[in-house]
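Chains as they are written, first to last, in our numbering: chain A, 1 to 270; chain B, 1001 to 1270.
Have a look at the structure below, then the notes.
There are 2 protein chains.
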Amino acid sequence: MNPQQTIRLAVIDEDSGFVTVLSKRTEAAGWQQRVLTSAIPPDELVAMKLNALLIDLSVLGDEAWSYLERVCGMLPDLGVVVCAGRSTVAQRVRALRLGVDDWIGKPCHPEEVMARIEAVSRRRRRSRAGVETGPLVAGELEIRADQFQAFVGDGSLDLTRREFELLQLLADAKGQVLEREAIYQRVWGYAMAHGDRSVDVFIRKLRQKLEKRSPGWSYIHTHFGVGYRFDPEPTGGTEPATPAAEPVAPAEAPTGAVDSQVVHSSFTPA
Amino acid sequence: MNPQQTIRLAVIDEDSGFVTVLSKRTEAAGWQQRVLTSAIPPDELVAMKLNALLIDLSVLGDEAWSYLERVCGMLPDLGVVVCAGRSTVAQRVRALRLGVDDWIGKPCHPEEVMARIEAVSRRRRRSRAGVETGPLVAGELEIRADQFQAFVGDGSLDLTRREFELLQLLADAKGQVLEREAIYQRVWGYAMAHGDRSVDVFIRKLRQKLEKRSPGWSYIHTHFGVGYRFDPEPTGGTEPATPAAEPVAPAEAPTGAVDSQVVHSSFTPA
DNA sequence: TTCAGCTGTGAAAATCCTGTGAACGCAGGG
DNA sequence: CCCTGCGTTCACAGGATTTTCACAGCTGAA
């Protein structure tokens, strides 16, 4: 129906028979496919620029849940489909809640698997294909993903791995408020433990470094009770280099009527 | 964790037993739900501003395919989940290719159905995230969910988390009267204790901030003994610039914005 | 008009959250 | 083996937010 872009799928499965049959079909359909027989680190999946992933739960072993969690957390735009032999409702629910997009029981028909992967990919965000987008510039800051470095006017910022990833994540979502959980999930790769303050600590480190090298600008804003938002703004302080402070340019999009709809949800028996 | 957006689900099913059980859960989860026992024209679904739809194939009869096709075609952003008793691979594939997002076999566990609907909504939301999602405009007010911020003509309203969520909820249901219990349930996430006045207090805070930043407009109206209704209306009051006479017509509102102010009070208390 | 029931207010009290500074472990390099 | 850089944890202080209260002001019905 909709041509969309070609599907770049990775299959992690040991069942060579199934994989062979599936591959034949996906190939015929023009998909780009990569077959793996065991799980690989999420980072490598990121590098593959996939848009869909099919995993057989059994190859994950005990690490299954944490692995799925990491993958779904770090690649929120990836369509993840899990297939498994026996399974319980609880397992399926757990996986789906974890971020998995679909769960198929085995045995399953290749055609249906493909249809489900398509359905999942159809909803995939056409992320700004910014694969090799130029360096990200914000305020006096310049972030080069390829170099794993950030620069301010006079030199590089010297950030540690975590600091850099955090900054990159925030800057990528410039203007948007990111919740702590989401940040943690994407940078650390797994769910934040209750009471973990790592994000806050790193935010402080970033602020310190940014403040020292680029005074007169404030980059990271706190949204109390929610999270943080990256948005370079010249502060009334020093250094009036570039007065450019776009006041939130309304995107566009009419969104159409935003009117009414259901309300009432229930009478809570109090 | 914090559902950026409540799920507005419509269930089309004749199996009252199943629907009853499901409703109990969705209600507890704070979803807005509408139950239908037979198919209704796609246009009416559009009017409901849903973001998820659960259909039992059997109620569609012969029209099934054409109905699903029309629905998926007219509401590309709607998450559609189909459930059915017996089914063949061919049927499932056909439905998925048609645009349906997920297919569940019956009997199925309500919890799994919910998890799948959530997964579908999550995906849908993700694909529309960012620039795609236009801000919600009402009167001089502009609400941006992704930024967790609300703006009036000259700048951002400094709202706290609860204030923002409350405002968003109200504005989302523009024109509709929301009962306190329902408001509390959705914003706070759990049932309101008897005698709790939190909602009232926050309504006051919102009114104060709105009034201060956008004089000449009244946004939140009280419905004695019921609840509150959000509806931007120019008051014959202060308003320095625009002589308040024209109806809701945001200055630089994007064209094509069809703002149907009419409120067809569909949802009746069961 | 009176009354009981709701809602609007202000402010105090109770909680929750974030910013910090510093101590701890760990792992690689010297 | 010691030193140094990094990522984690802790505990506390200062604020920002939420709740809770007591009262005054309204509303609708008898």
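Backbone N, C-alpha and C fix where the C-beta goes; we use that ideal spot for every residue, glycine too.
Can you give me the Cβ contacts of residue i inside the same chain, cut-off strictly under 7 Å, excluding the 5 residues immediately before and after it?
| i | result |
| --- | --- |
| Leu1060 of chain B | Ala1039 and Tyr1067 |
| Glu163 of chain A | Phe202, Lys205 and Leu206 |
| Val1046 of chain B | Met1074 and Leu1075 |
| Ala145 of chain A | Gln168 |
| Ser16 of chain A | none |
| Glu179 of chain A | Val226 and Gly227 |
| Trp1103 of chain B | Val1082, Arg1092, Ala1095 and Leu1096 |
In chain B, what lies closer than 8 Å to residue i by C-beta?
| i | result |
| --- | --- |
| Leu271 of chain A | Given a span of 1 to 270 for chain A in the structure shown, any question on residue 271 of chain A remains unanswerable. |
| Arg70 of chain A | Chain B residues near Arg70 of chain A: none, gap ~17 Å exceeds 8 Å. |
| Arg229 of chain A | Gln1147 and Phe1148 |
Please determine, among the options, the residue with the shortest C-alpha to C-alpha distance to residue i.
| i | options | result |
| --- | --- | --- |
| Val1093 of chain B | A:Gln91, A:Val82 and A:Pro110 | A:Pro110 |
| Ala64 of chain A | A:Met114, A:Gly153, A:Ala119 and A:Tyr190 | A:Tyr190 |
| Gln1176 of chain B | B:Trp1188, B:Gly1227, B:Trp1217 and B:Glu1211 | B:Gly1227 |
| Asp1158 of chain B | A:His223, A:Glu69, A:Gln91 and A:Arg229 | A:His223 |
| Gly1099 of chain B | B:Val1082, B:Arg1180 and B:Gly1195 | B:Val1082 |
| Pro1041 of chain B | B:Glu1211, B:Val1071, B:Arg1034 and B:Glu1014 | B:Val1071 |
| Cys1108 of chain B | B:Glu1179, B:Pro1234 and B:Leu1054 | B:Leu1054 |
| Glu165 of chain A | A:Lys106, A:Ser218, A:Asp43 and A:Pro234 | A:Asp43 |
| Gly1030 of chain B | B:Gly1017, B:Leu1009 and B:Arg1116 | B:Leu1009 |
| Lys174 of chain A | A:Ile104, A:Pro232 and A:Asp196 | A:Pro232 |
| Ser156 of chain A | A:Ala90, A:Lys212 and A:Ala95 | A:Lys212 |
| Trp188 of chain A | A:Arg161, A:Gln208, A:Gly225 and A:Ile104 | A:Arg161 |
| Asp77 of chain A | A:Glu181, A:Arg186 and A:Lys106 | A:Arg186 |
Using a cut-off of 7 Å between C-beta atoms, extract the partners of residue i located in chain B.
| i | result |
| --- | --- |
| Gln176 of chain A | Asp1146 and Gln1147 |
| His109 of chain A | Val1089 |
| Val93 of chain A | Glu1111, Glu1112 and Ala1115 |
| Thr172 of chain A | This sequence places Asp at residue 172 of chain A; Thr is not what is there. Those do not exist, as Asp172 of chain A stays about 11 Å from chain B at its closest Cβ, beyond 7 Å. |
| Arg197 of chain A | Under the 7 Å cutoff, chain B gives no residues; its nearest Cβ is about 17 Å from Arg197 of chain A. |
| Asp101 of chain A | Ala1119 and Arg1123 |
Give me the chain A residues within the contact set of residue i, using Cβ-Cβ distance strictly less than 7 Å, ordered along the chain.
| i | result |
| --- | --- |
| Val1152 of chain B | Simply none; closest approach about 12 Å. |
| Arg1124 of chain B | Arg123 |
My output table needs one value for residue i: the three-state DSSP class, helix, strand or coil.
| i | result |
| --- | --- |
| Trp1031 of chain B | coil |
| Glu140 of chain A | coil |
| Thr1020 of chain B | helix |
| Asn1002 of chain B | Unreliable positioning characterises Asn1002 of chain B in this predicted model, as indicated by a pLDDT of 41, which lies under 50. The coordinate reading is nonetheless provided below. Here Asn1002 of chain B sits in coil by DSSP. |
| Phe224 of chain A | coil |
| Leu78 of chain A | coil |
| Cys108 of chain A | coil |
| Leu1159 of chain B | coil |
| Ala64 of chain A | helix |
| Asp1101 of chain B | coil |
| Ala241 of chain A | Confidence is the limiting factor: at Ala241 of chain A the pLDDT is only 44, short of 50, which leaves the residue's position unreliable, though a coordinate-based value still follows. In the structure shown, Ala241 of chain A sits in coil (DSSP, three-state: anything other than H, G, I, E or B). |
| Glu1014 of chain B | coil |
What residues in its chain sit with their C-beta under 8 Å from that of residue i, if we drop five residues either side in the sequence?
| i | result |
| --- | --- |
| Ala1241 of chain B | The predicted model places Ala1241 of chain B with a pLDDT of 43, which falls under 50 and marks its position as unreliable; any figure quoted below should be read in that light. There are no such residues. |
| Glu142 of chain A | Pro135, Leu136, Ala150, Phe151 and Val152 |
| Glu14 of chain A | Thr37, Ser38, Asp56, Ser58 and Val59 |
| Ser214 of chain A | Gly139, Glu140, Leu141, Val152, Gly153 and Glu239 |
| Thr1235 of chain B | Gly1216, Trp1217, Ser1218 and Ala1244 |
| Glu1027 of chain B | Gln1033 |
| Ile1183 of chain B | Leu1166, Leu1169, Leu1170, Val1199, Gly1227 and Tyr1228 |
Show which residues of chain A have a CB atom less than 8 Å away from the CB atom of residue i.
| i | result |
| --- | --- |
| Leu1096 of chain B | Glu112, Ala115, Arg116, Glu118 and Ala119 |
| Thr1160 of chain B | Phe224 and Gly225 |
| Asp1043 of chain B | Going along chain A, no residue has its Cβ under 8 Å from Asp1043 of chain B, so there is no contact; the nearest lies around 13 Å. |
For residue i, which beta-bridge partners are listed by DSSP?
| i | result |
| --- | --- |
| Gln149 of chain A | A:Arg144 |
| Leu1009 of chain B | B:Gln1033 and B:Ala1052 |
| Phe1230 of chain B | B:Ile1220 |
| Cys324 of chain A | The first residue shown for chain A is 1 and the last is 270, placing residue 324 of chain A beyond what the model contains. |
| Val211 of chain A | The sequence given here has Glu at residue 211 of chain A, not Val. Beta-bridge pairing links Glu211 of chain A to no other residue. |
| Ala1084 of chain B | B:Gly1105 |
| Glu1165 of chain B | DSSP lists no partner for Glu1165 of chain B. |
Who are the near neighbours of residue i in its chain, counting only those whose CB is closer than 6 Å to its CB and skipping five residues on each side?
| i | result |
| --- | --- |
| Gly1079 of chain B | Ala1052, Asp1101, Val1120, Ser1121 and Arg1124 |
| Ala84 of chain A | Leu57 |
| Thr20 of chain A | none |
| Ala171 of chain A | Leu136, Ala138, Ile143 and Phe230 |
| Leu22 of chain A | Pro110 |
| Ile117 of chain A | Ala52 and Val81 |
Which bits of chain A does residue i rub up against, with CB to CB less than 9 Å?
| i | result |
| --- | --- |
| Asp1200 of chain B | The premise fails here: Asp1200 of chain B is roughly 17 Å from chain A at the closest Cβ pair, so nothing lies under 9 Å. |
| Arg1213 of chain B | Chain A residues near Arg1213 of chain B: none, gap ~15 Å exceeds 9 Å. |
| Asp1062 of chain B | Near Asp1062 of chain B there are no residues of chain A at all, since even the closest Cβ is about 22 Å away, more than 9 Å. |
| Asp1013 of chain B | Residues of chain A passing the Cβ test: none, with the nearest at roughly 17 Å. |
At a cut-off of 7 Å, is residue i close to the ligand NAP when judged by its beta-carbon and the heavy atoms of the ligand?
| i | result |
| --- | --- |
| Ile1007 of chain B | For the ligand NAP, the structure offers nothing, since it holds no ligand at all. |
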